[in-house]
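For reference, the structure discussed in these notes is given below.
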Ligand code: SAH
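Residue numbers (the numbering used here): 29 to 377.
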């Protein structure tokens, strides 16, 4: 049984033509039904012939995740724990910025990257999420928004939830192509972001796709010594290799990356660290997004004091680096990546 949400339009065309001897435009018709009109019942698809409807009903499903748990924050942030068809639980978040409704999507069940400050890594990766499951994360959030007001929808998607997107490269790329396609979610490339902890091969491969979709890189340290302590992936790909890949991306894709940098008290937040960071990224066009740490009670890390955050920002700015401090959402709910899932999985055990 195929899940129709697993297919980007080119793959669906190929399948329908080669296996079902249909015309290519069948794929466009189906995309319009499932994404434009949000119809999930084959019987309601009026321009599909009766005989092909029967084929669809036997060979295809429109499988969506179920809401296992929902938390709503004072600022309107919604955090969902979604249950996939095999019972695995995945976190999805909706944040409301003044410029739009941002879905933060998970790309894997658990994560193997093992970043020292992150709750997602409490639970090792069980498996990749399929393209259709990631599509499902956005569909479910869209449905909740439409219940509030039919004109509302997810306007931006960031693949920044649990998991490492470039560790599940093909499914993530199909997913963002469905988001971006005019007959899919029709979300503009500039409204889509993929965030990686720095898998160098993935960055180079992504550069070669020449997509206009934003790329964010979790940097979190100005040198290998600190980065090795925080992010095990750094031992495999030291910063000089990462920076080379970033420059390659800038040249190939013609776009700049965003560096994400969590400020951790006494670990990476001194003025010296800011100077080192400015020197490290010199020669790239990159922009730095400073992230206030969302503390996790099982971990030793603390968030930097506000004046230190501002000193860090000031130092970067004076050195000609464009940087901003990320707005925080949902701190009253379990907003940090992986917190909600970790809690619930523990309960289940
Ligand atoms: N694996 C990808 C995407 C998932 S993590 C990546 O590393 O980019 C998304 C972002 O959230 C990363 O920048 C990550 O470092 C950050 N993050 C993880 N735990 C956090 C916490 N407790 N507080 C603030 N940011 C956190």
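Note that CB positions come from ideal geometry on N, CA and C, so glycine has one too. For clarity, every value in this text was computed on a predicted model and none was experimentally measured.
If contacts are defined as beta-carbon pairs under 8 angstroms, then residue 323 and residue 331 qualify, I think. What distance do you get, rounded to the angstrom?
6 angstroms
Could you check which residue in 310, 338, 303, 308 has the C-alpha nearest to that of residue 319?
338
Residues of its chain near residue 173, where Cβ-Cβ distance is below 7 angstroms and the 5 sequence neighbours each way are ignored:
129, 180, 181, 182
Would you report the Cα separation of residue 92 and residue 166, rounded to the nearest angstrom?
10 angstroms
Let me know if residue 125 comes out buried or exposed under the rule of 16 or more other beta-carbons within 10 Å of its beta-carbon.
exposed
Output the distance between the C-alpha atoms of residue 233 and residue 221, rounded to the nearest integer angstrom.
16 angstroms
Proximal residues to residue 244 (C-beta, below 6 angstroms), its chain only, five neighbours per side dropped
221, 223, 286, 288
Within a Cβ cutoff of 6 angstroms, which residues of the same chain sit near residue 406, ignoring the five residues on either side of it in sequence?
Past the edges of the chain, shown from 29 to 377, lies residue 406, and the structure says nothing about it.
According to the neighbour-count rule (16 or more other Cβ atoms, all chains shown, within 10 Å of its Cβ), is residue 86 buried or exposed?
exposed
Counting only the same chain and skipping the five closest in sequence on each side, list residues whose C-beta sits under 6 angstroms from that of residue 65.
none
Cβ distance (whole Å) where residue 361 is taken to contact residue 107 below 8 angstroms
5 angstroms
Beta-ladder partner(s) of residue 184, from DSSP:
130
One question on the structure: do residue 358 and residue 103 come within less than 8 angstroms of each other, judged by their Cβ atoms?
yes
Close-in-space but distant-in-sequence residues of the same chain around residue 112 (CB under 7 angstroms, 5 per side omitted)
93, 118, 161
What residues in its chain sit with their C-beta under 8 angstroms from that of residue 29, if we drop five residues either side in the sequence?
87, 88, 89
Using 8 angstroms as the threshold, is the C-beta distance between residue 276 and residue 226 below it?
no
Which stretch, first to last residue, makes up the beta strand (DSSP E) that contains residue 268?
Not the beta strand (DSSP E): residue 268 falls in the alpha helix (DSSP H), residues 267-281.
I need the boundaries of the alpha helix (DSSP H) containing residue 262, first residue and last residue.
261-264
Consider the C-beta atom of residue 192 and the heavy atoms of the ligand SAH; say whether any pair is separated by less than 7 angstroms.
yes
What's the gap between the Cα of residue 270 and the Cα of residue 250?
12 angstroms
Going by Cα to Cα distance, which pick from 217, 294, 260, 239 is closest to residue 281?
239
List the DSSP bridge partners of residue 124.
129
Quick check: residue 343 and residue 303, are their CB atoms within less than 8 angstroms of each other?
yes
How many Å lie between residue 204 and residue 194 at the Cα?
13 angstroms
Take residue 100 and list the residues in its own chain whose beta-carbon comes closer than 6 angstroms to its own, dropping the five residues that flank it on each side.
106
Less than 7 angstroms between the CB of residue 116 and some heavy atom of the ligand SAH, yes or no?
no
At a threshold of 7 angstroms, does residue 249 count as lining the ligand SAH (C-beta to nearest heavy atom)?
no
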